[in-house]
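Just so you know, our numbering puts 111 at position 56 of the sequence shown, and the rest follows in order with no gaps. The beta-carbon is built from N, C-alpha and C at its ideal position, and this holds for glycine as well. These notes concern the structure reproduced below.
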Amino acid sequence: MYWLIVGLILVAMIGVLAVADSIPMSLDSFLSGLTSPSSLFLLLTTLSIILVAVLQFTTPSASNLEYSQTPSNILPHRFFRIITYILVAVLATGLIVGSALQAISSYQQARTTEVVEPMRVQALVTIEGISDSVYDASMESGYRQVAIVSQISPLVSDLSTQDLNKITDKYAVNNKNNSLSSDNSLKNFAHKFGSEGATYRILLNAYPKNPSKSSLGKSSNDSQLTRLNHLKPGDQLFMSLALAPLATSEQTINNPSGFDSYRWLKARHIDGVANVLATSTVTVPDANSTSVFSDHSYLHNFRTRIDQGRWQLRQHFYEDWLELTVIDQQARAVTLSLLTGDRSLISRDTKDLYQLAGISHLLAISGTHILFLAIMLSAGVVFIFDRLYPTVYRSVPRWQLRWGVMVGAAFVYALFTGFDVPAARTAWMLLALGLIRLTLLPISTIRVLFALAVLMAWHDPYVLWQAGYWLSFIAVALLLKYDDTSNRDAQSDTVHNVGLVNAFSKRIWETSKRLFKLQFWLFITLLPITLLLFGKASLWGLIINLFAIGLFGWVIVPLNLLAGLCYLLSPAIADSIWTIVSTIVAHLHELIIWLTSLPSLSKAWLYTPINTAIMLMVILSMVPWLLPRGFVSRWLALPPLTLLMMTVYANQQSPKTIPTLYILPTGDRYVSAVLLQYPNGNNERTSKNKNINWLFLADHRHATIRTMPSKLTADKLFTALEQQLGSLSVDALEGVIVQSGYAGLTTTLNNDDTFATSGIRQSEILPMTVAQLATRIPISQYWQAGRSDHWGNLQQAYQTINHSEGRLGVSTQPCEQGKTWQLPNGALTIQALTGWSKVGDASVWDCTIAIDTSLPIQILKYDAAHPLKSLPSTIQTRISSDHSTVQQVNDPSSRLILNTDTHQRVWQMWSLLCSADASNNQTSFHTTWLGNSESQITTEILRHQKIDEIMTYDDKGLEAALSLGEIGNVSPQK
């Protein structure tokens, strides 16, 4: 009953939040006072206490049950049970409806404070907490910081650092005199944007500027933004900012990783984002007295002091940072994260390594950290009282003293680590379990966990959008369930008298077996929720967690906490302990890198997008275990569990039934990545693969049009493509074609990079991405546009990586006009329409590809968050022509042109050399054109190609097609 009500409450709340942005929701005015979040929270808490009391006190005892079976008491007892069931149903319904109202109320309250439109402003910025990352131009790391902006005024001209310093001085003087001036323009601006007296909680962003700017300006800008790292919690200063509203979940569909930044920011109660344009070098004096939060409670000031302590500890770890090697830096960064939950110094590579190893959860401050510190401090306090003040136990029992110290330490440390969900859950559970023991109420631990999960959701409905919430509570519930089962099994075992050596060896064996069973249990049971939240799960986690959890739990974390306590008394001793911890972590990183790089164990990820059918099978397999023991046979979980395993395996092995082209998001509108999956059929040539997969990469930056430089790197593109290909069950590529002959995207590689050892210091991103893909996915063919004399170093690096991985390197082939690949049965043909690398002009090297198939190709916009729900790409222009109608009736053949041109000379050359042959040889294809909206192709070329439909990667209209047909998001591609 409890888990059913809790599940319905959480489902109702998360359902309301999911549809809140798409469906207008409002509460009646007469309910506005009653439906405030604080009022609803108190009301729901009261109803839940009544419901628990009804369920607790209406459960009949054995004596009452025997007494109620007498004939004279049967009718009243049945009547009483009916009334009880009705009351429970009414209370449960009220809780569910009230929970939905609480979600609506919280959503409406959040809408009233969010940034509604972009604006450039100057504002007083109050630093809240510690930053998510530090500004480091050498590592291309940006500064991200949650802050409060107030005193907002329009930015009518660019402000320098000196101007902002003068504003700060004037603000300080006016604030002392309590006469801060406000002119009419400020009032009009505030009225227009609704910001009069308003404050926003925003995420500050400051990233290294692009390298194309002058070195002097870049150096000055870097030195200004580097000062942001020295801002501590509670500091106030004036900045000029570019405020912007949050992108919605629908707008983040083109995120290559599928990460929903909108939900992540809303879960942190962020009202908008802001890029730092300029910042003052001086902070407002006496910030605590002039802060917009000067009227906050002592708890808020206490939290600020704790955050300042976290910041000072980070600065201590950041000392001599540049003198350390990368391995030592990241070992120190992980050590800091395990102590305070501060991940700002951890690089993207280290985070990816932990994610690949399946131990990302170890980087977060979990209940283990809190319990270790609480146990250590409580044991120390009890030891002191045992030796010096034993008379205290006359008035306070020892367990109450220990419990009080543990609760106090848990809450202080939870605040010190940011009071995230796992830490908060542990602290509140310690408090609740102690209160239950004081009151002697017969409430189980699992019910306390359920109640705490609901209370945290009522207090902040947006916590349901945090992955840590679900993983934390579900993991603890599974641990409690496993511990209960293990205890019953242990009690049923018969103890035999054995020798000391045999007993010791048997104990080690039983402990190891129990540890493996626990890890296997957690991995299997958490797999559905992990796939649901992240779309993938690391198979390495099942192996690495076996020793990593014990190493972190019994060695690294205790030593780290001991060093943190010593830091309060002697920083020198603490540094010595932290050196030991960092050394252990560094060696662990080297071990994980070696394990995850083994060629025989390269299949590390399990990609299975969750749909409704899979969720239904998971629920059906869990129901027999959630119901009371003996209610139904738990063997009934076996059929849906077997079906679930078969479905997961089928998703990994499922072949395509119709040709499909996925437009993969790259994070750069000028860089395109397209995957063609063609049904294998019965072709002996490719019978070893499920599908025939071709990957097409292109850079659409024009040589004659100035565009913004890209922040995309080969590592970022490789990471995105690897995840996207994995989610589409691509384990081998028949071919990769880089269509751009002269890409404008370049990257500088580190000295320790594999490519750097091959003599490559600065190379094109797309070939580098292909070389990295070759380390993970077998590639049969590689076509590269451009001149072969540019391939020397690239080919050498490509061969070096493949041989180091135990693979045979694939030679690079030119992508030139006329080059063709075809299936033996002719069902699929890939042909290069353009590309003349023998001409000494880079503007005609780009390679446009024509894909001819005997079956129509469906074109989908890949959705990284929901790959199985990828939607059809939109037709920007439909061109009416007689041959199109005849072709669709008589011939199912279709042609898809993947256009790439960075200069108009590409199609001018095609017109001179190939247009006559194309007109004579072209069959009756239904032709679709796919390219960038800023393509240099002309209307005449589109007529020559007999285009029927036009699509673009960036969903914008093609200028050359304006006079050819119906324009503007005609319909989805069928």
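So residue i and residue j are in contact, right, with Cβ under 8 Å, and what is the actual spacing, rounded?
i    : j    : result
I420 : D362 : With 8 Å as the limit, I420 and D362 do not qualify as a contact, their Cβ atoms being about 14 Å apart.
L99  : G184 : Not a contact, Cβ separation roughly 29 Å.
T472 : G422 : Not a contact, Cβ separation roughly 11 Å.
V189 : L400 : 7 Å
Y662 : K591 : 5 Å
L393 : V612 : 6 Å
L601 : F571 : 7 Å
V793 : L821 : 5 Å
V180 : L298 : Not really, about 11 Å apart at Cβ, beyond 8 Å.
L418 : R398 : 7 Å
Is the Cβ-Cβ distance between residue i and residue j less than 7 Å?
i     : j     : result
I930  : M1006 : yes
V531  : L504  : yes
S1031 : L456  : As displayed, the chain neither begins before 56 nor continues past 1029, which places residue 1031 out of reach and without an answer.
T889  : Q872  : yes
L752  : A728  : yes
L883  : Y717  : no
D901  : T830  : no
A329  : I257  : yes
S593  : L411  : yes
I584  : W525  : yes
Q177  : S208  : yes
T982  : K1011 : no
A147  : G197  : no
L286  : I182  : yes
L428  : A469  : no
Please name the residue or residues paired with residue i in a DSSP beta bridge.
i    : result
I906 : I885, L951
V201 : L258
S499 : In the DSSP output, where bridge partners are listed per residue, S499 has none listed.
P927 : L915
N330 : N260, A297
T982 : R950
Q217 : According to DSSP, which records beta bridges pairwise, Q217 is partnered with nothing at all.
G790 : W749, Q836
L731 : L716, W749
Q877 : T884
Y662 : K591
T101 : Looking at the DSSP assignment, T101 forms no beta bridge with any residue, so it has no partner.
S188 : R199
Q291 : T181
D754 : V726
Please classify residue i as buried or exposed, where buried requires at least 16 neighbouring CB atoms within 10 angstroms.
i     : result
G272  : For G272, the pLDDT reaches just 46, beneath the cut-off of 50, and the residue's location in the model is therefore unreliable, although a value from the coordinates is still provided. Exposed: under 16 other Cβ atoms inside 10 Å.
I60   : buried
G841  : buried
G790  : buried
A1016 : buried
T812  : Note on T812: pLDDT 33, under 50, position unreliable in the model; no value is reported.
Y444  : exposed
I904  : buried
K916  : buried
Q200  : buried
I628  : exposed
H355  : exposed
L1013 : buried
R562  : exposed
M484  : buried
E995  : exposed
S631  : exposed
F134  : exposed
N229  : exposed
E374  : exposed
R35   : Here the chain has residues from 56 to 1029 only, and residue 35 is not among them.
T446  : exposed
message = Quick check for students: name the residue ranges of the alpha helix (DSSP H) that lie wholly in the segment 125–180, counting only runs of 4 or more.
response = Fully enclosed alpha helix (DSSP H) runs of no fewer than 4 residues occupy 126–166 of the segment 125–180, in order along the chain.
key: Secondary structure, alpha helix (DSSP H): runs of 4+ residues fully inside the segment 361–388   = The qualifying runs do not exist here; there are none.
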